[in-house]
Amino acid sequence: MQTIRSGPDVGKALEVLLYVAQSVPDMYHALKVIYFADKQHLAEYGRLIYGDSYVAMRLGPVPSVAYDIVKQVRGDGWCVTKTAADCLEISGNSIVPRRKARMQLLSESERECLDAAIETYGNLPVSGLINRSHDAAWESADQNDLISIEEIARSIPNSEALLDYLKNG
């Protein structure tokens, strides 16, 4: 299986959080929107937006690096990026951007998938997000374990072609 990249792009993760947070009501929605945008980007373009890994948490898949940034800013996580606290703050369950996302760091395809996920999932009730995110990929992993990129790919309608692309390039 092809490695998507050697590790997640933490700087891009921060920009994605800033971009999504300006349009959704809370942290829970932001993290789920990133998951759905990543699934769409994987399905359409064969890669994740910034190479995050996903953890199967109780309420659904959570992007690991994005959540680590949130925890860092909140004061209960390790330092992921030195600039996070300058760029956003956490107020209750809300992510409050202190600046706009640097759009030049996001490709057109990434923005399209993020916008589509914001439009579709950004204002769903939390129960709707839980139901939709408890997909086959989430079900494949034990609680608090990583969800493999292969299982995320298998949960997408064009999974056979996508899995072949990920494996063989």
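Residue numbers (the numbering used here): 1 to 169. Glycine is no exception: its CB is placed at the ideal position from the N, C-alpha and C atoms.
query, result
"Closest residue to residue 95 among 140, 131, 85 (Cα-Cα distance)", "85"
"Residue range of the alpha helix (DSSP H) that includes residue 27", "27-45"
"Nearest residue (CA-CA) to residue 116, options 69, 163, 41", "41"
"Chain-order list of residues whose beta-carbon lies under 8 Å from that of residue 74 (same chain, five-residue window excluded)", "90"
"Residue 12 versus residue 50: straight-line alpha-carbon distance, rounded", "6 Å"
"Residue from 150, 131, 149, 153 with nearest C-alpha to residue 58", "131"
"Exposed unless 16 or more other CB atoms sit within 10 angstroms - verdict on residue 78", "exposed"
"Same chain, Cβ closer than 8 Å to residue 87, neighbours up to 5 away in sequence not counted", "14, 18, 97, 98, 99"
"Local Cβ density within 10 Å of residue 32, reported as buried at 16 or more and exposed below that", "buried"
"C-beta atoms of residue 143 and residue 56 nearer than 8 Å", "yes"
"Nonlocal neighbours in the same chain, by C-beta distance under 6 Å from residue 46, ignoring five residues either side", "165"
"Exposed unless 16 or more other CB atoms sit within 10 angstroms - verdict on residue 76", "exposed"
"Exposure label - residue 108; buried when at least 16 CB within 10 Å", "exposed"
"Local conformation of residue 174 per DSSP, three classes", "Outside the displayed range of the chain (1 to 169) lies residue 174, so it cannot be described from this structure."
"Beta-carbon spacing of residue 38, residue 26 below 8 Å", "no"
"Where residue 137 falls, given that 16 or more other Cβ within 10 Å makes a residue buried", "buried"
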